[in-house]
Structure formats: C-alpha cells, structure tokens
Amino acid sequence: MSQDVYWHESVISRNDREERNGHKGCVMWFTGLSASGKSTTAHALEAALFEKGCNVVVLDGDNVRHGLCADLSFSAEDRHENLRRIGEMAKLFSERGAIVLAAFISPYRSDRELARSKVPHGDFLEIYCQCSVETCAERDPKGLYKRALAGEIDNFTGVSAPYEEPLRAEIIIDTAGNPLEENVDTLLDELRHRSLIS
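The sequence shown begins at 1098 in our numbering and counts up one residue at a time.
Following this line, the structure appears as structure tokens:
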C-alpha cells in the first residue's frame, strides 16, 4: 500500500449506526461445497432479517465474480485473492452496522481464518452448510458437477480440488436433511443468543 493512502474516519460511529438499526453489525460466513445450500440459506435468512427491519446484505460468490472479482480464475492463488477481497468488503459493511451474509465455497481453512481475523472477536460466525458431495452432485442445479466429472471444468471443489471442512465453525447446519425454514430458525436463534439481534 502506498504511504500516500490514509484511512478516513466516518463522522457517524458504528455504535450510532447499530443503535439506529436496532442490531449489531457482524459477518456470517457460509461455507460448503457447490450446491450445498449456502446461497439459498443466506438469501432466506436475508429475507427473514429484512422483514425484522435489519440492515442486511448478501455477498454471493457468483455475483461477486461478475464484477469485483471478474479478473480472477479458480486457481488456489486466485481463490485466495477472491476471498481476501470479500473479507475486506465484509469488514467494511459490518463496520457500518450491517449484518453481512457471505456465501462462498471458500474451500481453504486459511482463507476463512483470514476473513475471520479482519473483524473483532465475536463479530464473525462461520456457518458450515454440511452436505455430502454425492448429494450436491445429485442436486447439481447449474450442471457443474456433471461438467467437472467429464473433465470440462478444472479446479472444481469436491471433484478435482480439495475442500477443507471447518474445524471450529460456530454453526453447522444440515442442508441435506433439514428443511430450509428450520435452518433459518437455527441461525436466527443463534443471532439472538449472541445478542446480535433482539
């Protein structure tokens, strides 16, 4: 970073924003295989929080790669850079009092830990969307597993690239066996338990 770049403090504090919002800012990081239900769960939770009047935003893997990270491939190095950018963006939103729902495969523990390290202790919740590769491949809503198994897609997580399961996720949700509504209720209960929402 250039020595000529300076941090500009907001005239509105995080506490002021959180008091007006009626909830605290935080990052909920959804991780899991492709088709494990990360985005589906995050968007359902977004709708539930929005209905409660919360300031909430979803950062979705595919959407981010259409713009901010359109220049990146799926190599290990570019995946790291993709998640570094997302971690920084999630931090900026949460510092402004928003509940950030970040839905990314994020296959490497080190990248998820880097994102965690960007926000204060207690403001980052790792949510593991637990679903077997077999079930994800059966769902295959985008046809990606079929193409990966046919050798048409390189570095596909769960097929030709690794996925490192979380070792200390705050929440594990069974996206293969539990109804979506039940998983959303579990997440809302956890947010209340941690006094992040009322």
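Think of the CB as a built atom: it goes at the ideal place given N, C-alpha and C, for glycine as much as any other residue. It should be emphasised that the depicted structure is a prediction, and the values quoted were computed from it without experimental measurement.
Residue i: first and last residue of the uninterrupted beta strand (DSSP E) it sits in
i, result
"residue 1128", "1123-1128"
"residue 1199", "1196-1200"
Integer-rounded CB distance, given that residue j should sit under 8 Å from residue i
i, j, result
"residue 1200", "residue 1139", "4 Å"
"residue 1268", "residue 1222", "6 Å"
"residue 1281", "residue 1142", "5 Å"
"residue 1137", "residue 1202", "With 8 Å as the limit, residue 1137 and residue 1202 do not qualify as a contact, their Cβ atoms being about 14 Å apart."
With 16 other Cβ atoms within 10 Å as the buried cut-off, status of residue i
i, result
"residue 1289", "exposed"
"residue 1238", "exposed"
"residue 1276", "exposed"
"residue 1187", "buried"
"residue 1126", "buried"
"residue 1074", "Outside the shown range of the chain, which is 1098 to 1295, sits residue 1074, and nothing can be said about it."
"residue 1152", "buried"
"residue 1216", "buried"
Bounding residues of the alpha helix (DSSP H) (the contiguous stretch that carries residue i)
i, result
"residue 1242", "1241-1246"
"residue 1101", "Unbroken run through residue 1101: none, as it is neither H nor E."
"residue 1175", "1173-1192"
Min CB distance residue i to chain B below 9 Å
i, result
"residue 1163", "Absence of chain B from the displayed structure is noted, only one protein chain being present."
Does the count of Cβ pairs from the region 1144-1154 and the region 1180-1196 closer than 8 Å reach three? yes
query: Can you list, in chain order, the stretches of the beta strand (DSSP E) that have 3 or more residues and sit fully within the region 1104-1168?
result: 1123-1128, 1153-1157
Next on the checklist: Tell me whether the region 1258-1266 and the region 1180-1191 touch, counting them as touching only if at least three CB pairs, one residue from each stretch, are closer than 8 Å.
Outcome noted: no
Residue ranges of each beta strand (DSSP E) within the region 1207-1234, 3 or longer: 1221-1227
To test your reading of the DSSP string, which unbroken beta strand (DSSP E) runs of 3 or more residues are found completely within the region 1248-1293?
1268-1271
Contact between the region 1109-1123 and the region 1185-1194 is defined here as three or more beta-carbon pairs at a separation below 8 Å; is this criterion met? yes
The region 1123-1133 in contact with the region 1214-1228 per 3-pair CB rule at 8 Å
yes
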